[in-house]
Amino acid sequence: MQTLTQRLANPTRFMELSGSVLPWIAGAAAVVIAYGLYLAFYVAPPDYQQGETARIMYIHVPCAWLAMAVYAMVAMSAFGFLVFRHPLADVSAKTAVPLGAAFTFLALVTGSLWGRPTWGTYWVWDARLTSVLILFFLYLGLMALRSSIEDESLASKLTAILALVGIVMLPIIKFSVDFGNTLHQPASVLRVGGPTIDTAMLTPLLVMALGFTLMFVAMHFKAMRNEILRRRVRALQLAQVEKAQASQLAAAE
Amino acid sequence: MELLLGIDLGPHASFIWAAYGAVVAVIGGLIAWLYIDGRIQQRKLAALAEQGVRRRSARRA
Amino acid sequence: MSAFLALLKRDLMLSVRQGGALGTALGFYMLVVTLLPLGLGQDLNLLSRIAPGILWIALLLAALLSLGRVFSSDHEDGTLDVLATGRMPLEMVVGAKALAHWISTGIPLALTAPVLGLMLNLDIAVYPLLMATMLVGTPAVSFIGAVGAALTLRSYRGGLLIALLVLPLYVPTLIFGMAAVNGLLGVSGTSAAMLILAALSLTSVVLCPFAAAAALRVQMQ
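Below you can see the structure in the form of structure tokens.
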């Protein structure tokens, strides 16, 4: 009797399952994001201090959430790959990294565009901005390391080790940049004692966060499917070359 | 744009549009790349299958 | 333990006899510190205020420069394979090599800082503390750097890649190193920052050899 993860972990089974689930997740993401945007622009009131600019929050916070969540997922996949040696975990880690980097980049860009009208500057060396910037560099490092090693299985293992080093270092980096004072507003959604943000703004925010998460899942599934196909193509091409060489050898004899 | 959507975003509207625009551009680009990449891989697999190179598991079919 | 010491001694002897590595790192250190005032202007007040930061950042860059060689020369001539199959755990090998890097690069760089501080008009009263933070912080630099060196052993753009992988991981060391120095310059909390810096170094001395050894093992197979 196989467990669900074991059945999912078979690449062929994964292709079948993800193929049938993908359109539904993508559709759900589109609907949820559309509803979230409607709430964000037509229902949510402008912030009494920041005015309309606070509407940037509805994309900034989901991007920042994904920036962190995706790194955690990459680290978990890396752990799964190193411990269980399962290729699908590597496919998951490899394809999530560029997506995570993109969301981190967007969190930085939208945050910067929010900061200019609110704080009067595009960039401050505040604790959260700095730690998200360093998170972005960690993503870049993962991509650079993987692309710089020709042997693919070696690149996978080394990148997995780097991802685990990164997840150990991240809290320390976070702690160190928090050491100074911070200009950023303190955490207002996930905190002890309930959110400090008004429901009228919290609802669209949560809807958008859900929509972005669904969208990431859909994109990740698609990227994993592409990667599995890419590996099949490469394996088949290798087999073809080997076959051709073998027949050449046979002909020469 | 604002007239079209019937909303007034105040004096900093350009920042809001720029932020949403950046998200649309980057995510749109990613989705387009995912789609195109998928098509390319499928075409390669189909080309290989035409030449008679198949995966062991697909040979039965 | 004697094998550990033998390896440490060998690596130190090699770095002394070859000499080039330390000379290059020190030269680079001085050059960075020379270039910065040329770029920032000769305002002595400004320079003395930012001198600890300049010295710390230049130290990180100079240490980084010599990191690539921690494993690569031994990898090229096959010594690393011999060490990996030997009786000493690979973690200990990594530890010995990182320790040798600290002694042969980290300590000299930290000791050169006051000389360069003179050129930056740094208040002499700060020197002992600056050197102390550097001596306490550089083990983290060497051991975290060893992980980067191990990861990039087989990559074909080694040097630049090490910088990209390792510099973000140096952020805590830099921040607490600076926090400790700035403590004396006015703000409180020097001893706290110093303790955290020591904790960072000790933690990386304990944990980094495992990561680096894992990376090396993967590449030896």
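Top to bottom, those sequences are chains D, W and V.
In terms of this note's numbering, the numbers along the first sequence are unbroken and rise by one, the last being 326.
In terms of this note's numbering, the numbers along the second sequence are unbroken and rise by one, the last being 91.
In terms of this note's numbering, the numbers along the third sequence are unbroken and rise by one, the last being 237.
For every residue, glycine included, the Cβ atom is placed at its ideal position computed from N, Cα and C.
- For the segment 132-154 of chain D, the beta-carbon criterion of a distance under 8 angstroms to any beta-carbon of chain W is satisfied by Ile132, His133 and Cys136.
- Between Leu213 (chain V) and Gly133 (chain V), the CB-CB gap reaches or exceeds 7 angstroms.
- In the displayed model, Gly94 (chain V) falls within coil according to three-state DSSP, outside both helix and strand.
- Residues of the segment 25-39 of chain V with a C-beta less than 7 angstroms from any C-beta of chain D: none at all.
- For Gly84 (chain V), the secondary structure class from DSSP, reduced to helix, strand or coil, is coil.
- The C-beta distance from Ala166 (chain D) to Val197 (chain D) rounds to 33 angstroms, too long to fall under 8 angstroms, and the pair is not in contact.
- Contact annotation, Leu71 (chain V) with Ala129 (chain V): C-beta distance approximately 5 angstroms; criterion of less than 8 angstroms satisfied.
- Where Pro160 (chain D) is concerned, the enclosing alpha helix (DSSP H) starts and stops at Pro160 to Trp192.
- With a 10 Å radius around the Cβ and a threshold of 16 neighbouring Cβ atoms, Lys247 (chain D) comes out buried.
- Annotated as distal: Met288 (chain D) and Tyr131 (chain D), with beta-carbon spacing of 7 angstroms or more.
- Interface flag for Val142 (chain V) against chain D is unset, since no Cβ pair is found closer than 7 angstroms.
- Annotation for His117 (chain V): the continuous alpha helix (DSSP H) segment containing it runs Leu106 to His117.
- Beyond the five residues adjoining it in sequence on each side, Ala227 (chain V) comes within less than 7 angstroms, by CB distance, of Val163 in the same chain, given in chain order.
- The segment 169-188 of chain V makes contact with the segment 79-88 of chain V; the number of CB pairs closer than 8 angstroms reaches 3 or more.
- Distance from the CA of Thr219 (chain V) to the CA of Met108 (chain V), rounded to the nearest whole angstrom, comes to 15 angstroms.
- The beta carbon of Leu75 (chain V) is closer than 8 angstroms to those of Tyr45, Leu125, Ala126, Ala129, Met150, Thr154 and Val157 in its chain, skipping five residues each way along the sequence.
- Look at Glu300 (chain D) here: in three-state DSSP terms it is helix.
- Two segments are said to touch when three or more pairs of C-beta atoms, one from each, lie closer than 8 angstroms; by this definition the segment 99-108 of chain D does not touch the segment 174-190 of chain D.
- By the CB criterion at 7 angstroms, Ala209 (chain V) and Ala166 (chain V) fall outside the cutoff.
- Within its own chain, the residues whose Cβ lies closer than 7 angstroms to the Cβ of Thr194 (chain D), once the five positions on either side in sequence are excluded, are Gly188, listed in chain order.
- Distance from the CA of Gly111 (chain V) to the CA of Gly51 (chain W), rounded to the nearest whole angstrom, comes to 50 angstroms.
- Under the 7 angstroms criterion on CB atoms, Ala214 (chain V) is classed as non-interfacial with respect to chain D.
- Contact with chain D is found for Pro184 (chain V), since one of that chain's Cβ atoms lies less than 7 angstroms from the residue's Cβ.
- Apart from sequence neighbours up to five positions away, the residues of its chain that approach Ala113 (chain D) with a beta-carbon distance below 7 angstroms are Arg128, Tyr131, Pro277 and Met281, ordered along the chain.
- D:Met216 is the residue among D:Pro190, D:Leu202, D:Gly153 and D:Met216 whose C-alpha sits nearest the C-alpha of Leu172 (chain D).
- Interface residue (Cβ-Cβ distance to chain W less than 7 angstroms): Ile106 (chain D) is not classified as such.
- Leaving aside the five residues that flank Trp118 (chain V) on each side, the residues in its chain whose CB is nearer than 7 angstroms to its CB run, in chain order, Thr154, Pro155 and Ser158.
- Contact annotation: Phe285 (chain D) and Leu139 (chain D) have beta-carbon atoms nearer than 7 angstroms.
- Judged by DSSP secondary structure, Val152 (chain V) falls within the alpha helix (DSSP H) whose first and last residues are Tyr143 to Leu167.
- Ile98 (chain D) has its alpha-carbon roughly 43 angstroms from the corresponding atom of Pro225 (chain V).
- Among the residues of chain D, those whose CB is under 8 angstroms from the CB of Ala49 (chain W) are Ile129, Ile132, His133, Val182, Thr183, Leu186 and Trp187, following chain order.
- Taking the C-beta atoms as reference points, Leu145 (chain V) is found no nearer than 7 angstroms to Ala67 (chain V).
- Close CB contacts of Pro188 (chain V) within its chain, under the 7 angstroms cut and outside five residues either way in sequence, are with Leu216 (chain order).
- Around the Cβ of Leu155 (chain D), a 10 Å sphere holds 16 or more other Cβ atoms; the residue is buried.
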